[in-house]
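Read through the structure below, which is laid out as structure tokens, and then see the notes.
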Amino acid sequence: MKVCAFLHAPFEKPGVFKDWALSKGFQFDEVHAYDGEPIPSVDDYDFFLFMGGPHSPSQVEKYPYLGTEIHLAQAAMAKNKYVVGVCLGAQIMGEALGAAVEKSPHKEVGVFPITLTPDGESDPLFNGLPSVYPVAHWHCDMPGLSAGAVVLATSEGCPRQIVRYGESALALQCHLEMTRDMVEGMIQNCPEDIHPGTYIQSAEELLAQDYLPANRLLCQLMDRLLLDDTATRNAR
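In the working numbering, the protein residues as written are 8 to 243.
Written out as structure tokens, the structure reads:
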């Protein structure tokens with residue numbers, strides 16, 4: 008399995024995604040398109056990962072590489088490649104399917120619970136898992152919903168936390184991949200995001216959180232995404 012991860016800022020890293028991929032023996036390549044690195048062909052990889060970043064997919068005129076990534080995500084999903092997006096990456100997936108990014112009802116910065124929807128509870132990805140999970144958030148937008156999109160998890164601050172766009176395409180508005188070190192980097196590079204708010208925690212609160220449960224959930228979801236999709240393809 009060849010995995011390509013698109014990063015959008017030097018401080019927004021793939022985190023546990025990379026640990027998971029390397030533990031499986033997968034090839035894991037990173038593309039820093041914001042820094043001028045070329046974007047590969049859709050046929051070069053089996054799995055495309057679009058990470059978060061400080062921009063919006065609506066800013067393609069200012070950041071043309073985002074438009075190129077949107078087209079690549081569209082092509083990858085059309086070819087039934089594995090596609091996973093996080094935060095900005097989740098919004099890129101929606102844009103690729105014609106669903107424009109939208110403002111979330113609330114800005115979320117901190118660790119808050121997500122709750123599975125009825126569709127999430129019945130989805131094989133979450134079979135036997137708890138219906139409520141504390142996970143990290145750092146966003147003010149959310150992905151658009153294309154025809155056929157299914158919301159699997161929601162939160163009090165944002166109604167679209169995990170979205171399935173197809174058998175092998177999963178969008179995560181929340182952050183399951185973050186570690187404490189990554190959160191420290193976010194605090195240092197995005198201090199303006201930390202201000203009083205209903206769903207905004209202080210730097211001290213952010214650093215006091217336990218990110219391991221969400222990290223374990225991410226690994227379970229990625230294992231199940233590959234297993235469930237493989238079983239579906241083999242049954243055809």
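C-beta: ideal position from N, C-alpha, C; glycine also.
Nothing here was measured: the structure is a model prediction, and the numbers come from that model.
Self-check item: Alpha-carbon spacing of His15 relative to Gly135, whole angstroms
Solution: Here residue 15 corresponds to residue number 8 of the sequence shown, with the count starting at 1. Here residue 135 corresponds to residue number 128 of the sequence shown, with the count starting at 1. Each residue's alpha carbon lies about 34 angstroms from the other.
Self-check item: Delimiting residues of the beta strand (DSSP E) encompassing Gln34
Solution: Working through the sequence shown from its first residue, we reach residue 34 at position 27. Here the beta strand (DSSP E) through Gln34 covers Gln34 to Val38.
Exercise. Using the DSSP secondary-structure output, state which residues sit across from Leu104 in a beta bridge.
Key: Here residue 104 corresponds to residue number 97 of the sequence shown, with the count starting at 1. Answer is none; Leu104 lacks a bridge partner.
Exercise. For Arg223, count neighbouring Cβ atoms within 10 angstroms of its own Cβ and tell me buried if that reaches 16, exposed if not.
Key: Here residue 223 refers to the residue found at position 216 when the sequence shown is read from its first residue. Arg223 should be labelled exposed.
Self-check item: C-alpha distance - Glu212 paired with Ala143, whole-angstrom precision
Solution: Looking up residue 212 in the sequence shown gives position 205. Looking up residue 143 in the sequence shown gives position 136. Answer to the nearest angstrom: the Cα atoms are 12 angstroms apart.
Quiz prompt | Close Cβ partners of Tyr187 (< 7 angstroms) along its chain, the five nearest in sequence each way excluded | solution = As a first step, residue 187 must be located in the sequence shown, where it is residue number 180. At residue 187 the sequence reads Arg, which differs from the Tyr that was named. Result list for Arg187: Leu214 and Tyr218, in chain order.
Quiz item: From the DSSP output, which residues share a beta bridge with Arg187?
Solution: Within the sequence shown, residue 187 is the residue found at index 180, counting from 1. DSSP, once it has assigned bridges, lists no residue as partnering Arg187.
Practice problem: Return the first residue and the last residue of the alpha helix (DSSP H) that Tyr72 is part of. | Solution: Here the question's residue 72 lines up with position 65 in the sequence shown. In this chain, the alpha helix (DSSP H) harbouring Tyr72 covers Pro71 to Ala85.
Quiz item: When the Cα atoms are used, what is the spatial distance from Ala80 to His202?
Solution: In the sequence shown, the residue the question calls residue 80 occupies position 73. In the sequence shown, the residue the question calls residue 202 occupies position 195. Each residue's Cα considered, the two are about 33 angstroms apart.
Practice problem: Mind checking who Glu109 pairs with in its DSSP beta bridge? | Solution: Along the sequence shown, one-based indexing puts residue 109 at 102. Residue pairing from DSSP places Glu109 in a beta bridge opposite Met149.
Exercise. Would you check if the segment 93-109 and the segment 38-50 touch, i.e. whether three or more CB-CB distances between them fall below 8 angstroms?
Key: Touching, no.
Quiz item: How would you label Asp148, buried or exposed, when you count the other beta carbons within 10 angstroms and need 16 or more for buried?
Solution: Here residue 148 refers to the residue found at position 141 when the sequence shown is read from its first residue. Asp148 is buried by the Cβ-count criterion.
Quiz item: Between the segment 158-177 and the segment 72-89, are three or more C-beta pairs nearer than 8 angstroms?
Solution: Counting C-beta pairs with one atom in each stretch, the segment 158-177 and the segment 72-89 have three or more that are closer than 8 angstroms, which means they touch.
Quiz item: Is any heavy atom in the ligand ATP found nearer than 7 angstroms to the beta carbon of His202?
Solution: Annotation note on the ligand ATP: not contained in the displayed structure, which lists no ligands.
Self-check item: Cβ pair Gly127, Leu159 closer than 8 angstroms
Solution: Position 120 of the sequence shown, counted from the first residue, corresponds to residue 127. Position 152 of the sequence shown, counted from the first residue, corresponds to residue 159. Pairing Gly127 with Leu159 gives a Cβ-Cβ distance under 8 angstroms.
Quiz item: Looking only at DSSP bridge pairs, what is Thr122 linked to?
Solution: Residue numbering aside, residue 122 sits at position 115 when the sequence shown is read from its first letter. DSSP, once it has assigned bridges, lists Val139 and Thr161 as partnering Thr122.
Quiz item: For Phe33, which residues of its own chain have a beta-carbon under 8 angstroms away from its beta-carbon, when the five flanking residues on both sides are left out?
Solution: To locate residue 33, count along the sequence shown from 1; it is residue 26. Within the same chain, Phe33 has close Cβ partners Met8, Lys9, Val10 and Phe54.
Quiz item: What number of angstroms, rounded off, separates the C-alpha of Thr205 from the C-alpha of Val118?
Solution: Residue 205 sits at position 198 when you count from the first residue of the sequence shown. Residue 118 sits at position 111 when you count from the first residue of the sequence shown. Spanning the alpha carbons of Thr205 and Val118 requires a straight line of approximately 12 angstroms.
Quiz prompt | Supposed close pair Phe13, Asn196 - CB separation, criterion 8 angstroms | solution = Within the sequence shown, the letter at position 6 stands for residue 13. Within the sequence shown, the letter at position 189 stands for residue 196. Between Asn196 and Phe13 the Cβ distance is about 18 angstroms, and since that is not below 8 angstroms, they are no contact.
Exercise. Look at the alpha carbon of Gly92 and the alpha carbon of Gly192, and state the distance between them as a whole number of angstroms.
Key: In the sequence shown, the residue the question calls residue 92 occupies position 85. In the sequence shown, the residue the question calls residue 192 occupies position 185. The straight-line gap from Cα to Cα measures roughly 20 angstroms.
Self-check item: Residue of Leu183, Thr124 and Leu104 minimising C-alpha distance to Pro150
Solution: Looking up residue 150 in the sequence shown gives position 143. Comparing Cα positions, the closest option is Leu104.
Quiz item: Going by alpha carbons, who is nearest to Ile169 out of Ser138, Ala28 and Pro71?
Solution: Within the sequence shown, numbered from 1, the residue matching residue 169 stands at position 162. Between Ile169 and the set Ser138, Ala28 and Pro71, the nearest pair of CA atoms involves Ser138.
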